[in-house]
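Residue numbers (this note's numbering), protein chains in the order written: chain A, 9 to 386; chain E, -4 to 432. Glycine included, each C-beta is placed from N, C-alpha and C at the ideal position. Model, not experiment: these values are computed from the prediction.
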Amino acid sequence: MSRRSAAVLLTTGVAAVLAGCTSTAPPASDAANAPIEVRAGDTSCELAKAEAPAGTISFAVTNTGSKVTEFYLYGTGDRIMGEVENIGPGLTRPLIVEVPDGGTYTTACKPGMAGDGIRAPFTVTGTATRSVDDNAKLAEAAAGYQRYVTSQIEALVAKNQEFVDAVKGGQVEQAKALFPISRTYWERIEPVAESFGDIDPKIDGREDDEREPGVAFTGYHRLEKDLWVDGLQADSPAMADQLQADILDLQNRVRTVELTPVQLANGAKELLDEVATGKITGEEDRYSHTDLYDFKANVEGSQAAVAALRPVIDEKDPQLGPTLDQRFAAVEALLETYRAGDGFVLYTQLTPEDVKKMADAVDALGEPVSQVAGTVTA
Amino acid sequence: MSDQDTPQATPNPRTAAPSDPEPSGPRLSRRRLFGVAGAGVALAGVGAAAGYAAGSSAGSAAARDGVVAFRGDRQAGIITPAQGRLHFVALDVTTPDPAAVRRLLQRWTLAAERMTAGLETTEGGAVGGNVQAPPADTGEALGLAASSLTLTFGIGASLFAKLGLDAQRPAALADLPAFTGDKLDPARSGGDLCIQACADDPQVAVHAVRNLVRMGFGTTSVRWSQLGFGRTSSTSTAQTTPRNLFGFKDGTNNLKAEEPAELDRHVWVQPGDGPDWMAGGSYLVARRIRMHIEIWDRTSLSEQEIIVGRTKGEGAPLGRAAEFDTADFSAKGADGEPVIATEAHIRLASAESLGGVKILRRGYNFVDGTDGQGHLDAGLFFIAFVRDPATQFVPMQRALSTKDVMMEYLEHTGSAVFACPPGLGPGSYWGQALFDA
């Protein structure tokens, strides 16, 4: 996401506050705020210092390599505190981030703007006076989640290309193994994709969905059916290319989407609704039965949205956050008991008792998550 | 819903919806009190405002505005004149943490007391809150009257081990033995907790259960649930005897609210019967009894009456003229055979045949759609309140299951026993005596 689109994200009134909170504008000429030099090469990421006092932290990121790069500061759980993108070779771009709490953070340069990047720990000391008001916190939450979405789509584009290549190369077993992995990145952010009405049906439509006349059954589930039931068809390679094209279309369009904190909270809830109505029933991946991968990804996506809003939640309702932590942990602990290798057992291996336990855990989580939107707007 | 809900500031009682006539004076004052009571004081304040009934809750059951007192020596919904509609739910506790269960019981009690008074679960809960948040009250009872709603709370045997409360488990709260012909479905049986919602309006009963279930997510999970659309017994002499789906009057000789000595003997747990927290309570036995009504309907009137032991029209014991005439089990006909057959239902179930055993019945007719084979999935959701299931329900059901010809038309598909504690005093909550014990 470009810096410019981040501003577009924000509703009027909030935008101005955010600009003072995380901004690429030149920093005020205050010695304490002297920017930390970052030299971002193709294989290195050197910071002049790896420690700063809590409050407003400034970086000056210089691309010393040959690839376009990005620089990130992550909080716990890869919550994006701030980032600057699209730094061409030889250019220097500023990044100003508000970090009110001390602790260990992570910096990352991303030469080529892909992958996890070149990471290192970054220590923030002390605690800053919380000067930012609610609107700024909400704006930061929305911006932080936007960055999460961007990072997931990046990974989705890369991983799905592997899946597409396997399909096109006729490597059925490889494609089957990659199918749930590619979907993981998709399922984490599906509510965002659903906000574009036409993309979700193309990427994730099911065979029995109602379609406009002349609109074909395409996307993940068409390829799933080919791989698991019908065998690869003459048009399977074209279907695979179309899937990747639709995902790239999504990536382009997400750059301009505006997410409000309420949409963010509702997205967290919708992901759990997806689990309750699609994954727990085994309907989503009816040919491959890899529903638990999607289940896990939906929960992770929901948790990311809630994590972005967490500072606001904690301020408005100190009890909701711990409840959310406990319920998310319970769902994840339950899912871990269905691990098989790096993935999960198939839906068809679950007993009715297993499904009931999952439904209970998702119901238990869904109620407090449904309170988030009201809490952050209270 | 999180644990820290507090009532919204805007007064919006359920009964104050535009379509509802303005309630009478005493109710207004109660409503005002709800309006000012914060969550912390509501437990105590509401109890006082609702007019804590020191005596039996039955006495105030037919209150003018359809509000049955929630608090009293006994839980409402036992000897309260049986309302027309039922929604019963059995729940399992999904946490090993007694403190979490205790918190839920406190929240349940607050919401239950409000709903029985014809109010939303919280002040302004349905539409008076933050529009970005899901409403705290689900709203389908807006504009409906209190409708004599009673919410009766019970505890299953399985709860005690789950929460480390074994020492407080009453001996009388034991699983029922297997009976001949049982076809029990585990998914319709048992449960750690139960809530019996009875009301004149089915939507009011469903609303109550739905909202309590919702509050429980994360602490409880629905194990099974049963709707009943018509009462099959009367629990007060002021009520007429209703009919079950066999078309017969049912529960003519039921124990009644107007027989306090009999209730103490057969229904209310007495001090010394078991742990102190159950004294003044009662054991609820639930049986989902599927009736093969299509087969029954092909049975001649004469055979139907012989099987039951009563006439179908009047409901009189065979050989007598009126419903409430005493059955003469020794009478013989011209052929020398007993007028009331030796295996007639009313003989087998009578106190005379069972050494004086009586029960308080409070069951409901149900139709749960179809069985997929062209028949109605219909029957009687049997509920009985007894002082001791082992000495009352068990011998009765044993006699019926082995001898009653009616069993050819019946199938017991669900079963559960719950300990329903005594009524709530001001400020106390469901199950508090057990948790404090």
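Item: Validate contact between the stretch 181 to 201 of chain E and the stretch 409 to 425 of chain E using beta carbons, cut 8 Å, 3 pairs; Value: yes
Item: Length of the line joining the Cα atoms of arginine 230/A and methionine 247/A; Value: 8 Å
Item: Bridge partner(s) assigned by DSSP for tyrosine 80/A; Value: Glu91/A, Ala116/A
Item: C-beta neighbour in chain E for phenylalanine 310/A, strict 7 Å; Value: Reading off the sequence shown, one finds serine at residue 310/A, where the question assumed phenylalanine. Output row for serine 310/A: interface = no.
Item: Closest by C-alpha distance to alanine 48/A, when choosing among Ser296/A, Ala62/A, Tyr80/A; Value: Tyr80/A
Item: Chain E within 7 Å of aspartate 234/A, Cβ atoms only; Value: no
Item: Cutoff 7 Å: glycine 213/E Cβ touching any chain A Cβ; Value: yes
Item: Exposure label - aspartate 368/A; buried when at least 16 CB within 10 Å; Value: buried
Item: Interface residues of chain A facing methionine 408/E [CB-CB closer than 8 Å]; Value: Note that residue 408/E is threonine in the sequence shown, not methionine. Here the premise fails: no neighbours, minimum Cβ distance about 18 Å.
Item: Short CB-CB distance (under 7 Å) between serine 378/A and chain E; Value: yes
Item: Rounded distance between the beta-carbons of valine 380/A and isoleucine 321/A, thought under 8 Å; Value: 6 Å
Item: Buried versus exposed, by CB contacts within 10 Å (16 or more), histidine 370/E; Value: exposed
Item: Three-pair Cβ contact test at 8 Å for the stretch 184 to 195 of chain A versus the stretch 155 to 174 of chain A; Value: yes
Item: Under the three-state DSSP convention, the category isoleucine 378/E falls into; Value: strand
Item: Alpha carbon of threonine 285/A to alpha carbon of isoleucine 95/A, nearest angstrom; Value: 43 Å
Item: Proline 129/E versus leucine 207/E: straight-line alpha-carbon distance, rounded; Value: 15 Å
Item: Contacts around valine 105/A, its chain only, beta-carbon distance under 7 Å, and the 5 residues preceding and following it disregarded; Value: Thr30, Ile65, Leu81, Met89, Gly90
Item: Buried or exposed by the 16-neighbour rule on C-beta atoms within 10 Å, applied to valine 384/A; Value: buried
Item: Where proline 172/E falls, given that 16 or more other Cβ within 10 Å makes a residue buried; Value: exposed
Item: Best match in Gly176/E, Asp196/E, Ser325/E for proximity to glutamate 347/E [C-alpha to C-alpha]; Value: Ser325/E
Item: Close-in-space but distant-in-sequence residues of the same chain around glutamate 215/A (CB under 8 Å, 5 per side omitted); Value: Phe225, His229, Arg230, Lys233
Item: Nearest-angstrom Cα separation, counted from threonine 84/A out to leucine 375/E; Value: 57 Å
Item: Under 8 Å from the C-beta of threonine 385/A: neighbouring residues of chain E; Value: Asn125, Gln127, Ala128
Item: Sequence ranges, alpha helix (DSSP H) only - wholly within the stretch 251 to 283 of chain A, length at least 4; Value: 269 to 282
Item: Exposed unless 16 or more other CB atoms sit within 10 angstroms - verdict on glycine 159/E; Value: exposed
Item: Beta-carbon gap between glycine 367/E and isoleucine 335/E smaller than 7 Å; Value: no
Item: Within chain E, partners of valine 270/A - CB distance below 9 Å; Value: Gln127
Item: Cβ shell of aspartate 38/A (< 6 Å), same chain only, five flanking positions each side left out; Value: The predicted position of aspartate 38/A is uncertain, since its pLDDT is 46 and thus under 50; a value taken from the coordinates is nonetheless stated next. Excluding residues within five positions, none has a Cβ falling inside 6 Å.
Item: Leucine 419/E to phenylalanine 243/E span [Cα, whole Å]; Value: 36 Å
Item: Residues near leucine 251/A by beta carbon distance below 6 Å, same chain, minus five either side; Value: Gly227
Item: Alpha-carbon spacing of arginine 342/E relative to glutamate 291/A, whole angstroms; Value: 54 Å
Item: Distance CB(valine 262/E)-CB(phenylalanine 377/E) smaller than 7 Å; Value: no
Item: Unbroken alpha helix (DSSP H) run spanning tryptophan 194/A, endpoints; Value: 180 to 196
Item: Nearest-angstrom Cβ-Cβ length linking glycine 275/E and aspartate 68/E, presumed shorter than 8 Å; Value: 6 Å
Item: Nearest candidate by alpha-carbon position, reference leucine 429/E, set Leu240/E, Pro93/E, Ser142/E, Val84/E; Value: Pro93/E
Item: Counted within 10 angstroms of its Cβ, other Cβ atoms place leucine 436/E as buried (16 or more) or exposed; Value: In this structure chain E extends from -4 to 432, so residue 436/E is not present and cannot be described.
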